[in-house]
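Following the UniProt record's numbering, the numbering of the sequence shown begins with 1 at its first residue and continues without gaps.
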Amino acid sequence: MEINYTKMMRMKRSYSWPSVSEQKQYISMRPKSEEMRTNSASALYQIDQKLFARPDNREIEISSGSSDDDPTLYRIRETSDLFDANSYFLNCIRPLWCNTKTHGSQPQKASSAPAAVSKSSDDSSEFASIELLSKRRCSEEAKRIVVAICAMHRKVKSKPMKEILSRIIEYYGDKMYIIVFNEAMIMNDPVEKWPICDCFISFYSQGFPIAKAIDYIRLRNPYVINDVHRQYDLLSRIKVYKILEKAYIELPRYTVLHREPTSSKTSTYIEHEDSIEIDGKCFNKPFVEKPISAEDHNIYIYYPSCAGGGSQRLFRKVDNRSSIYSPESHIRKEGSYIYEEFMPTDGTDVKVYAVGPDYAHAEARKSPALDGKVDRDSDGKEIRYPVILSSREKLIARKIVWAFRQTVCGFDLLRANGRSYVCDVNGFSFVKTSTRYYDDSALILGNMILRYLAPTLHIPWVRPFQLDDPPLVSTTYGTVMELRCVLGIIRHGDRTPKQKLKMEVSHKKFFDLFSTYDGYKWGELKLKRPAQLQEVLDIVRYLLLQIRDNTDQRRFITEQEAKLEQVKTVLEMLLSLRQIDDFFEAIVASKSPDGKLPENSCEEYLKEEELSQSLLHQIEDVQCEKSLDSYSHGLE
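Quick look at the structure:
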């Protein structure tokens, strides 16, 4: 007798045909009656449909009876329990479970599969245990860790998030797959209906129900990348500063001005022209005024009267502006604020992005306190420059990750007075444009998840060598002790003035000169030869003579006259120097055999040409040097 499994082969799975020995082994353990074989096929179909329709389910209900009778329901926690209870149903169709492969949450189709299994004449009544088979089936599912992303839609769909998630799938697709919680489900459905996961990545942004995420963690107890409950602390700058102080992290000197009616502590303050005194603490201008809420980015910097007074008002970037100057010098009168010293940072802010305690990427940007203009590149992104963190700054990044329990965490550094101060902690944030950062982050997060979950889920995994290495540096691939290269640009501070003179001319003589030397052919004209320069000098002298003779015209071209005088002076000087060069060439050519220069020839030539006394002294110095050289040569 043959059993037709054509209908069952329609399931979206991939099968491989068993060997002859496997066929004989498992067909010998087939059910004894046609009814049992029918029930086994029905049970297996229901098992496969319910298991693989939602692979994240850990509890399912399966009917093992026929479709005509009332089914007997079994509530199970693992697939192996059901297989052990119904082993006599599954033995006859063992080949269908060989070499099963799945991809993500959707099974793959079979490329080809046989339609029937041959029956053996051997009817052994002994049932073989399929515990090993069940464990093999379960291991195929347990090898894949379910990583859930729970955040607002615009954050999940951002470029950095997509880049990192795609790399995690590329590097660890055989051991984990990622599901993204729908925003409508997050906002509307109870946490009991949320999919079950092994690893939970969640972070706060505006509108996110952080309380529901905490309830989900308490219900399912997954491995959490960023502590969700501690993200409440990131919403208050006061709590952030207190945590930084407990972690012995340096921050600017500050105080808090409490004005809430519900607050148990009320502050007193006295405002002066160039300072403010709050609860006995005095802050001289410039100082910074920050709202208590970390979601409020309207930060004011107040300047002293000696610097012109007023204030610089910082806000979230709008188009190409990040701040604006205001002449208002008085502090805000409503609400509670943090007041801290202004740190001189040479116009730059350092943004640090930590991934775990041993990795930190840093970038510098122009401080919004300068002029408020956002510098962008050709792609419209804010221009940022890579920064190498010092060992002390890397230690700060490690402390922040541990203090706030945020594996992925960004914060702001101020480098001032030879020290580094933390002025803000942003929580979950990624670098926007850095391929190397995306690669490193995916590797670190994937290794971190596997290191925690692989032992408990019995996933074979070899720990990468670099996990126990020294931390990676922020801008290169390698260890902290590795030096790739040193790039240095050194330029002397002295420079020769260009001595350029720009002048518009309209006289016909200039156009004739331009045409004489084919200026129209090339679109420009460069005159360097003495004869050419002499022609320009003659034109300039002619124009100056015309201006001085015509007093009516001189009133309109006073500025032109000054420029023409400059051109005349420069050309006369250049032509005189050229004559000196020609003179020395003639002198060298007429040297006597003993190497001495002719006497009195230099003075007579200079007197005839009526050169200046300064040039005469220069010629005498040169003549003296050459005489000394000749004398020393004769001694040798």
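No residue lacks a Cβ here, since even glycine has one placed at the ideal position from N, Cα and C.
Computed from a prediction, not measured in an experiment: that's the story for all the values here.
Please identify the residue among G446, Y172 and P291 whose C-alpha is closest to the C-alpha of R237. As a position in the sequence shown, residue 237 is number 237, starting the count at 1. Measuring from the Cα of R237, the nearest candidate turns out to be P291.
Residues bridged to C150 by DSSP? For the purposes of this step, residue 150 is taken as residue 150 along the sequence shown, with counting starting at 1. In the DSSP output, where bridge partners are listed per residue, C150 has S202.
Is R167 helix, strand or coil when you go by DSSP? Indexing the sequence shown from 1 puts residue 167 at position 167. Residue state, collapsed to three classes: helix.
C-alpha gap between P455 and T407, whole angstroms: As a working note, residue 455 is residue 455 in the sequence shown. As a working note, residue 407 is residue 407 in the sequence shown. Distance between the alpha carbons of P455 and T407: 21 Å.
Which one or two residues does DSSP pair with I179 in a beta bridge? Here the question's residue 179 lines up with position 179 in the sequence shown. A148, per the DSSP bridge assignment.
A148 versus S336: straight-line alpha-carbon distance, rounded: On the sequence shown, residue 148 is found 148 positions in, with the first residue counted as 1. On the sequence shown, residue 336 is found 336 positions in, with the first residue counted as 1. When rounded, the distance between both Cα atoms is 38 Å.
For F283, count the other beta carbons within 10 Å of its own beta carbon; 16 or more makes it buried, fewer makes it exposed. Which is it? Within the sequence shown, numbered from 1, the residue matching residue 283 stands at position 283. Flag for F283 reads buried.
From G207, N182, H229 and P209, pick the residue whose C-alpha is nearest to that of P195; which is it? Stepping through the sequence shown from its first residue, residue 195 is reached at position 195. For the residues G207, N182, H229 and P209, the minimum Cα distance to P195 belongs to N182.
Between the CA atoms of L235 and V318 - distance to the nearest angstrom: The residue labelled residue 318 in the question sits at position 318 within the sequence shown. The residue labelled residue 235 in the question sits at position 235 within the sequence shown. If you take the alpha carbons of V318 and L235, they lie about 22 Å apart.
Ignoring anything shorter than 4 residues or poking outside the region 477-552, list the alpha helix (DSSP H) runs there in chain order. 508-516, 519-522 and 530-549
Run through the DSSP bridge pairs and tell me what H361 is partnered with. Your numbering for residue 361 matches position 361 in the sequence shown. BP columns for H361 point to Y353.
Let me confirm a value: F287 is counted as buried when at least 16 other C-beta atoms fall within 10 Å, else exposed. Which label applies? On the sequence shown, residue 287 is found 287 positions in, with the first residue counted as 1. Classification for F287: buried.
Paired residues, beta bridge with A416 - DSSP: Residue 416 sits at position 416 when you count from the first residue of the sequence shown. The partner list for A416 (beta bridge, DSSP) reads R419.
Which full runs of the alpha helix (DSSP H) of 4+ residues lie inside the region 274-306, going along the chain? none
Using C-beta distances below 8 Å, list every residue in its chain close to N188, excluding the 5 sequence neighbours before and after it, in chain order. Mapped onto the sequence shown, residue 188 falls at position 188. Closer than 8 Å at the Cβ level, and outside the excluded window around N188, lies no residue.
Check whether the region 215-223 and the region 376-383 touch, using three or more Cβ-Cβ pairs below 8 Å as the test. no
Check whether the region 158-168 touches the region 437-445, taking contact to mean three or more Cβ pairs, one atom from each stretch, closer than 8 Å. yes
Let me make sure I understand the geometry here. Which of K399, A307 and M176 has the alpha-carbon closest to that of M448? Here the question's residue 448 lines up with position 448 in the sequence shown. The residue with the shortest Cα to Cα distance from M448 is M176.
Among F428, P460 and D512, which residue has its Cα nearest to the Cα of S158? What you label residue 158 is simply residue 158 of the sequence shown in a count that begins at 1. Looking at the Cα atoms, F428 is the closest of the given residues.
Between Y302, V431 and R313, which lies nearest to residue 677 when the distance is taken from Cα to Cα? A question about residue 677 goes unanswered here, because the residues of the chain that appear run from 1 up to 636.
Any beta strand (DSSP E) of 3 or more consecutive residues that is wholly inside the region 381-440: 385-387, 408-416 and 419-427
Starting from the Cα of S329, find the closest Cα among S311, I270 and I338 and give me that residue. Here residue 329 corresponds to residue number 329 of the sequence shown, with the count starting at 1. Of the listed residues, the one whose Cα sits closest to S329 is S311.
With which residues is I338 paired in a DSSP beta bridge? In the sequence shown, residue 338 corresponds to position 338, counting from 1. Bridge partners of I338: V256 and K290.
Any idea which residues DSSP pairs S236 with across the strands? Here residue 236 refers to the residue found at position 236 when the sequence shown is read from its first residue. The partner list for S236 (beta bridge, DSSP) reads S293.
Could you check the C-alpha separation between G519 and A369 for me, to the nearest Å? As a position in the sequence shown, residue 519 is number 519, starting the count at 1. As a position in the sequence shown, residue 369 is number 369, starting the count at 1. Approximately 51 Å between the Cα atoms of the pair.
Who are the near neighbours of L414 in its chain, counting only those whose CB is closer than 6 Å to its CB and skipping five residues on each side? Here residue 414 is taken as the residue at index 414 of the sequence shown, counted from 1. Answer for L414: M343, T345, Y421 and C423, listed in chain order.
For T348, the residue or residues it bridges with in DSSP: The residue labelled residue 348 in the question sits at position 348 within the sequence shown. Bridge partners of T348: K366.
When every heavy atom of the ligand SAM is checked, does at least one fall within less than 7 Å of the C-beta of N298? In the structure on display, the ligand SAM does not appear, and there are no ligands present to speak of.
Taking all protein chains shown into account, do 16 or more other C-beta atoms lie within 10 angstroms of the C-beta of Q231, making it buried, or fewer, making it exposed? As a working mapping, residue 231 is identified with position 231 in the sequence shown. Result: buried.
For S434, is the classification buried or exposed, using 16 other Cβ atoms within 10 angstroms of its Cβ as the cut-off for buried? Here residue 434 corresponds to residue number 434 of the sequence shown, with the count starting at 1. Buried, by the Cβ-count rule.
Check whether K563 and L501 have beta carbons under 8 Å apart: Taking the first residue of the sequence shown as position 1, residue 563 is located at position 563. Taking the first residue of the sequence shown as position 1, residue 501 is located at position 501. In this structure, L501 lies closer than 8 Å to K563 by Cβ.
Does DSSP put K317 in a helix, a strand or coil? Numbered from 1 along the sequence shown, position 317 holds the residue referred to as residue 317. Strand at K317.
Cut-off 8 Å between Cβ atoms - residues of its own chain near S506, not counting five sequence neighbours on either side: To locate residue 506, count along the sequence shown from 1; it is residue 506. Counting only Cβ-Cβ distances below 8 Å, and skipping sequence neighbours, we find nothing.
Does residue 637 come out as helix, strand or coil in the three-state DSSP assignment? With the chain running from 1 to 636 in the structure shown, residue 637 is simply not present.
Going by CA-CA distance only, name the one from F511, D349 and K239 that's closest to E535. Locating residue 535 in the sequence shown gives position 535, where the first residue counts as 1. Residue F511 is the option with its Cα nearest to E535.
If you follow the alpha helix (DSSP H) that I217 is part of, which residue opens it and which one closes it? Residue numbering aside, residue 217 sits at position 217 when the sequence shown is read from its first letter. That run of the alpha helix (DSSP H) goes I210 to R220.
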